[in-house]
Structure formats: structure tokens, C-alpha cells
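J.:
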Amino acid sequence: MNDIHESGLDEPIHLTRFSHGGGCGCKIAPAVLRDILADTPFASHLAAVHPDLLVGIESSDDAAVYRLNDEQAIVATTDFFMPIVDDPFEFGRIAATNALSDVYAMGGRPLFALAIVGMPIGKLPNAVIRRILAGGESVCRAAGIPIAGGHSIDAPEPIYGLVGIGVVNPRRVKSNAGGKVGDVLILGKPLGVGIYSAALKKGLLSEAHYAAMIASTTQLNTAGTELAETPGVRAMTDVTGFGLLGHLLEITRASGVSAALELGRLPLLPGIEELAQAGHVTGASERNWASYGGEVRLADGIADWQRAVLTDPQTSGGLLVSCTAEARDTALDVFRRHGFAQAVAIGRLTAGSDVVVDA
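The numbering used here numbers the first residue of the sequence shown as 2 and each following residue consecutively.
(1) So the candidates are Thr351, Leu350 and Gly244; which of them puts its Cα closest to the Cα of Ala291?
(2) When DSSP labels each residue in this structure, what does Glu287 get in the three-state scheme?
(3) Do Gly195 and Asp63 count as a contact pair if the criterion is CB distance below 8 Å?
(4) Do you know offhand how far Gly348's Cα is from Gly280's?
(5) Measuring straight from C-alpha to C-alpha, what distance separates Leu112 and His210?
(6) Starting from Asp158, trace the alpha helix (DSSP H) in both directions and tell me its first and last residue.
(7) Consult DSSP for Phe341 and reduce its assignment to one of helix, strand or coil.
(8) How many Å lie between Ser207 and Asp88 at the Cα?
(9) Do you know offhand how far Val356's Cα is from Gly123's?
(10) Say whether the segment 89-98 touches the segment 123-142, bearing in mind that this needs 3 or more beta-carbon pairs closer than 8 Å, one atom from each stretch.
(11) Go ahead and label Ile117 buried or exposed: buried means 16 or more other beta carbons lie within 10 angstroms of its beta carbon, across all protein chains shown.
(12) Which residues does DSSP list as the beta-bridge partners of Ser323?
(13) Taking the alpha helix (DSSP H) that Ile273 falls in, what are its first and last residues?
(14) Going straight from the alpha carbon of Gly302 to that of Leu262, what length do you get?
(15) I need the DSSP call for Phe336, collapsed to helix, strand or coil.
(16) Within 10 angstroms of its Cβ, does Leu69 collect 16 or more other Cβ (buried), or is it exposed?
(17) Provide the residue span of the alpha helix (DSSP H) that contains Met214, from first to last.
(18) According to DSSP, is Val282 part of a helix, a strand, or is it coil?
(19) What are the start and end residues of the beta strand (DSSP E) that includes Leu201?
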């Protein structure tokens, strides 16, 4: 699992040793990012200057959406990070799946991708770099799209990701801003990828849990395209580096609502409770809580490890959907048809200012 022998190489490659962080845990902390983007001169004027730009940066959405005509809009996004696993092929698969997720989260259908490649040339064998690219290509092939080009640089740490380009009907775009009081919240994938990665770095992740990690992080969020066409689905995002609470807060802020979560309903990857209780928590989880904990009210009795699950950075995480109560079962059926057996309703949108987590 951790010793990766590439064809023609005498020594195992440990990709994670080449970087200071990995996966979506590499993201700049939410509070720091908001400070960096504060007073960005064009942020509040984009819609007025470019009326066909349906989604820009103002609502912290997953991708930009630009209307071409009444039936077509382009979805454009980019996502890249450093290795979360040692296996080059799996790193490529995870990074590509994560990047395409932003297209699905807007309700779009991917058209093609461009590769983003930064590698420590001379330190990382070319054969390993080829395996990373092959992993990404395999995911795009599964999504039915080509990697049509890209850009590469000689970088001190391995970086890989994609620019994802997709298409969506302008009337079907699902941004963060469409949630309404009373909506049901549905989560498509179980939580715990960051906790798995923390255990993996210490050599304490079992083969079974590693397999669960790979299966989750390489499952394309294809349900998003169909969910966008489902009546009653109002808002959608994917849960990645800011954790469940962080990405839920993006919906509540943009929609002008609050939310109530039921902790006991959250789907977890196998063994997450035991690993979190043993202290396998990422630094990104703590940074996330420091960034937005003031906007969250936790019920009495919620333990630190449970809070860590709520803020755990998910690499290539699941879709978070806000839909009417009447659309709940239909939305869950969509998830099931696309292979998301653990998709479940985890709470609802409410009036108020703080996200509330009930035990």
C-alpha cells in the first residue's frame, strides 16, 4: 500500500514525502482566503459588467458559469493539489475525480479537461510522473471526456489537477445561493477522508480502510448532472477541503439562511470513529474550525473527535444537496442510481444566523 514500485525503478516511491501537505487539506484556510479576497475590486460588479456571467466568485461557488445562449452555458473550474497517497496512479485518479466534481456540483456535464502539472524534475522519476498522468487520464476516460492539453512546470513539490470545462442549461444551474428555509440537506458520500489520510501518513491505516479511501475519492459525482434536472433540487455543492461545516456555511451564507444538522445521521467511512478518537486528525481540520467555528453552535455532549469529523477536509468528497421536502426521496433515488448507496438526509435549512449541530 505504501511502497510503490514502478516498472524499471529499483526503489519504492513515497509521493507524500515530496510535499508538505496533501489533497484538499492543502487548501488555504477559509478565514485566510476570505481575508485575501476581501475588497476584491471586481467581485461585486461582475454581474453588472458581464450579465452573461451567471456564477462568479461572489458566492464561493464551485465553478464559474457563463451563458452562451438560452439553452447552453459553459461551466469552467480548476482544481489541483499535492499527493494524498503514495501510489502515483491513484494520486492522478483522485486529483482528476476531485477536479471534475466541481462541474457536476454546478449541475453540468463535463466536455473536456486540461492538465495542470507541476513536478520536481530530477527528483521524481519520469516513469512516476507518467503514472500520475495516466491515472488522471483513466478518470477522464471513465467520464467520457478527453484531456485536450494542459501546462507543466518544474516545481519543488508534486502538483497535479485539471481544468474542467462543461456545459449546462442556464435554467438548470445549481449554485450555493438557491437554498430555502425548510429544504432538506442530503450528503452523497460518507465523511472521513482527511482522518484516513492522517492515519496513512503514520502508517496506521489498514488495507481495508485504504481501499475504502480510494473507492470514495475516485467515485465521480455523476449524480450532479441528473440532480440539476430534478424538480425541487435548489442548491448544490461538493464537500472538499473546508469540511462539511465549511461548505454548508457557503450555502447558508449565499442563500441567507441557516441550517440544523443531525450528527447521528452523518455517514462515515469505515473505522472513522475509532481513528478520530485515537487522534488521527489533520491540521486542516483545526484550521477549518478556527476559521468558522464562531458561526456554529454544537449541542452539549459533542466530543472533540466528533467536531473533527464535521470539519474534516474531504478530498474528492460527496455532493451536498438542498432540496424541498417533497423532492427528498426522488433526489435520494438519483443518488442510488448513480451508485451512492450511503447518500442520506442529514438535516435541513432553517431561519437564523448560526448552523446548529444536534447530537
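Idealized CB from N, CA, C, for every residue including glycine.
T.: In short, the structure shows the following:
(1) As a position in the sequence shown, residue 291 is number 290, starting the count at 1. Taking the Cα of Ala291 as reference, the smallest distance to any Cα among Thr351, Leu350 and Gly244 is reached at Gly244.
(2) Here residue 287 corresponds to residue number 286 of the sequence shown, with the count starting at 1. Glu287: helix per DSSP, three-state reduction.
(3) Here residue 63 is taken as the residue at index 62 of the sequence shown, counted from 1. Here residue 195 is taken as the residue at index 194 of the sequence shown, counted from 1. If you check the CB distance, Asp63 and Gly195 do not come in under 8 Å.
(4) In the sequence shown, the residue the question calls residue 348 occupies position 347. In the sequence shown, the residue the question calls residue 280 occupies position 279. Rounded to whole angstroms, Gly348 to Gly280 spans 27 Å at the Cα level.
(5) The residue given as residue 112 occupies position 111 in the sequence shown. The residue given as residue 210 occupies position 209 in the sequence shown. C-alpha separation (whole angstroms): 33 Å.
(6) As a position in the sequence shown, residue 158 is number 157, starting the count at 1. At residue 158 the sequence reads Glu, which differs from the Asp that was named. The continuous stretches of alpha helix (DSSP H) do not include Glu158, and DSSP gives it neither H nor E.
(7) Taking the first residue of the sequence shown as 1, we reach residue 341 at position 340. In this structure, DSSP gives Phe341 a state outside helix and strand, which the three-state scheme calls coil.
(8) Your numbering for residue 207 matches position 206 in the sequence shown. Your numbering for residue 88 matches position 87 in the sequence shown. Those two C-alpha atoms are separated by around 15 Å.
(9) On the sequence shown, residue 356 is found 355 positions in, with the first residue counted as 1. On the sequence shown, residue 123 is found 122 positions in, with the first residue counted as 1. The straight-line gap from Cα to Cα measures roughly 48 Å.
(10) Enough Cβ pairs lie closer than 8 Å, so yes.
(11) As a position in the sequence shown, residue 117 is number 116, starting the count at 1. With a 10 Å radius around the Cβ and a threshold of 16 neighbouring Cβ atoms, Ile117 comes out buried.
(12) By 1-based counting over the sequence shown, the position of residue 323 is 322. DSSP, once it has assigned bridges, lists Leu186 and Ala236 as partnering Ser323.
(13) Counting from 1 along the sequence shown, the entry for residue 273 is found at position 272. Annotation: the continuous alpha helix (DSSP H) that includes Ile273 extends over Ile273 to Gln278.
(14) Mapped onto the sequence shown, residue 302 falls at position 301. Mapped onto the sequence shown, residue 262 falls at position 261. Each residue's CA atom was taken as its position, placing Gly302 and Leu262 some 15 Å apart.
(15) Reading the sequence shown from its first residue, position 335 is the one you call residue 336. DSSP places Phe336 in helix when its eight states are reduced to three.
(16) Locating residue 69 in the sequence shown gives position 68, counting from the first residue. Exposed, by the Cβ-count rule.
(17) Residue 214 sits at position 213 when you count from the first residue of the sequence shown. From DSSP, the alpha helix (DSSP H) with Met214 extends over Glu208 to Thr218.
(18) Working through the sequence shown from its first residue, we reach residue 282 at position 281. DSSP places Val282 in coil when its eight states are reduced to three.
(19) Taking the sequence shown and counting its residues from 1, one reaches residue 201 at position 200. DSSP places Leu201 outside any beta strand (DSSP E); the residue lies instead in the alpha helix (DSSP H), whose first and last residues are Val194 to Lys202.
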